[in-house]
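To start, the structure under review is shown below, and the notes come after it.
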Amino acid sequence: MLNGSFSRDQHTLVALGLPTTAVSEPLQTAFGSLSPTFLPKDLSSDRLAAILDRLEDAVLLVDALEQPLYVNQAVFRLLGINPAFETLEVWAADCGARLATRDRPFPWADFPLSRVLRGESGDPVELRLLSPRLPHVTWLRASASPLKGEEDDILGAMVVLRDITAQKRYETELRTSNQELQSQARRLSDALTALQKTQSQLIQTEKMSSLGQVVAGVAHEINNPVSFIHGNLVHIDAYIHDLLGLMDAYQQHLPTIPPALEDYLEAIDLPFVREDLPRLVASMRMGTERIREIVLSLRNFSRLDESDLKVVDLHEGIESTLTILGSRLRGKANEATIRVAKAFSDLPTVECYPGALNQVYMNILTNAIEALAVQRRSHAPQSAEELQQPHPTITIRTEIPKPDWVRIEIANNGPAIPEAVQRRIFDPFFTTHPVGKNKGMGMAIAYQIVVDQHGGSLKCLSQPGEGVAFRLDLPVTQQANHCPRESPTRRG
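Right, dumping it as structure tokens:
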């Protein structure tokens, strides 16, 4: 019989006493104090030992005092002991073994054997066996079952140790593989998103470049005849002034008008013509000047395909964009005109890509016009709800927040943007519009232009009852570009 114990203070499996050859001692003697029903009476100890020694699992039988009664051959194999040369006592004293979790020694009170002998459950636990005799750390699954006597009292326990090292290795490899697959899936998803974003930006850039070329061509074609008309109006005005002066001279020298001519003068209402003709010329001059302003705005806005940095007045780009959006700001017959309040500071010229910034203004102002749609209808002339909501207004402010930086803030007094939407408003393909109505790239492209292309920052500021504001901070020169990059989901 083997005598021994688990050293509770060192958590070490220690066998004290006889050499391993004592395993051949009759098992019935070892269990003589146990219930006679525990083992079949016709089962010899040698046969039982042979059965247990064939098991892959290590089996230990102990009494109520935790004294080992029997261990099978798997115990020696599992612990790395050569039973021909050493005993468990020598192995324990020389090398020892520690039962541990991943990070710390396994508490003996939680070991299944201790729990079973206390009358508790011996459910399996997983732990490590640390020993220099073993080529690697061995993972064990330990479980225990009580051995009860006739009075149902606990006389001992059977402990089973199963080597689960390979299973743990497979689990680790599986976790690693899953993590790699998840990481690869994330990379593929990020790559797909980046590809879609790049594709959409390229398409948008190509569209805007084509639009810029068309607008520039139209502006050029309009500008030529308008300039011709505008220039000739000066001469027409002078000729009219000369002709009216000549008529006055004729009236002075020829006070008597022939009857036929008098009838003609009365038919054309000469006094009215004399009074209205200068007004018509002045009106035509104002019209051609307005057309020239629009053409200038078109030419300014058409710089969308320019790839070189230029030093420009940002206010010109804003004014040009407002001119392009003039018809949308005025609205339809059943919509109120959106007021545009401008609070421009004395900004320095800025080194930038003016066409790209015009696109940013266009995207933000277009969103503002769409956000004010409900208020526009409620402020229509025939509406009775005009006093219930503030007049739809877009406010554009510019200032110098710090040296070498300029700020443009475009705000509207429409409904606030929910915080959940604010967090994603600059994400590619994010939109609150119905499917097919909006691709969700307007604000993402604006963010890319301001942050990535110009090294600035773009923030969405919105609180309930305070409308929405988009704040653009831009460096005056690209050498002053030291604004830290921020997440697209950031807020002010």
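Just remember that the working numbering sits 251 ahead of the position in the sequence shown, which is counted from 1.
Ideal Cβ placement from N, Cα and C applies to all residues, glycine included.
In the DSSP assignment, I405 is bridged to K399. Remark: C-beta atoms of I589 and P643 approach each other more closely than 8 angstroms. Cβ contact annotation for L303 (same chain, cutoff 7 angstroms, sequence separation greater than five): V310, N323, in chain order.
Per the coordinates, the alpha-carbon of M498 lies some 10 angstroms from the alpha-carbon of H504. A straight line joining the alpha-carbon of R674 with that of A667 spans about 13 angstroms. With contacts defined by Cβ atoms closer than 8 angstroms, A408 and V313 form a contacting pair. Between V601 and V563, the C-beta gap is smaller than 8 angstroms, which places the two residues in contact. Under the 8 angstroms Cβ criterion, the stretch 359-366 counts as touching the stretch 391-398, having at least three qualifying pairs. Residue pairing of I589 in beta bridges, as defined by DSSP: absent, with no partner found. DSSP places Y515 inside the alpha helix (DSSP H), whose first and last residues are 510-519. One Cα belongs to C603, the other to I487, and the distance between them is close to 43 angstroms.
Taking C-alpha positions only, I332 is separated from E307 by approximately 15 angstroms. Looking at the DSSP output, D724 shares a beta bridge with R658, S708. Nearest C-alpha to Q729 among A720, H705, K593, G718: H705.
It is roughly 31 angstroms from the alpha-carbon of L446 to the alpha-carbon of I569.
Between A470 and L573, the C-beta spacing is not below 8 angstroms. As the crow flies, the alpha-carbon of G577 is around 32 angstroms from that of D655.
For L368, the uninterrupted alpha helix (DSSP H) run begins and ends at 363-368, by DSSP. Bounds of the alpha helix (DSSP H) holding T617 are 605-622.
Pairing N664 with G707 gives a Cβ-Cβ distance that is not under 8 angstroms. In this structure, DSSP gives L378 an extended state, which the three-state scheme calls strand. Between A619 and the set G606, L368, A720, L380, the nearest pair of CA atoms involves A720. At the C-beta level, I696 and L608 stay beyond 8 angstroms of one another. Annotated three-state conformation of D488 is helix, per DSSP. The C-beta of Q714 has fewer than 16 other C-beta atoms within 10 Å across all chains shown, which makes the residue exposed. Per DSSP, V672 is not a residue of any beta strand (DSSP E); the alpha helix (DSSP H) it occupies stretches across 670-673. Short of 6 angstroms from the beta carbon of V625, and not among the five residues preceding or following it, lies no beta carbon of its own chain.
Put simply, the stretch 522-538 touches the stretch 476-494. At least three CB pairs are less than 8 angstroms apart.
The distance from the Cβ of P605 to that of K561 is about 6 angstroms, consistent with a contact at the 8 angstroms cut-off.
Residue range 693-698 is occupied by the alpha helix (DSSP H) that includes A697. Per DSSP, the unbroken beta strand (DSSP E) holding L312 starts and ends at 309-314. Ranked by Cα distance from N585, the first of R627, L565, E567 is R627. In the three-state reduction of the DSSP assignment, P356 falls in the strand class.
Secondary structure of L443 (DSSP, three-state): helix. If you draw a straight line from the Cα of E544 to the Cα of G468, it comes to about 16 angstroms.
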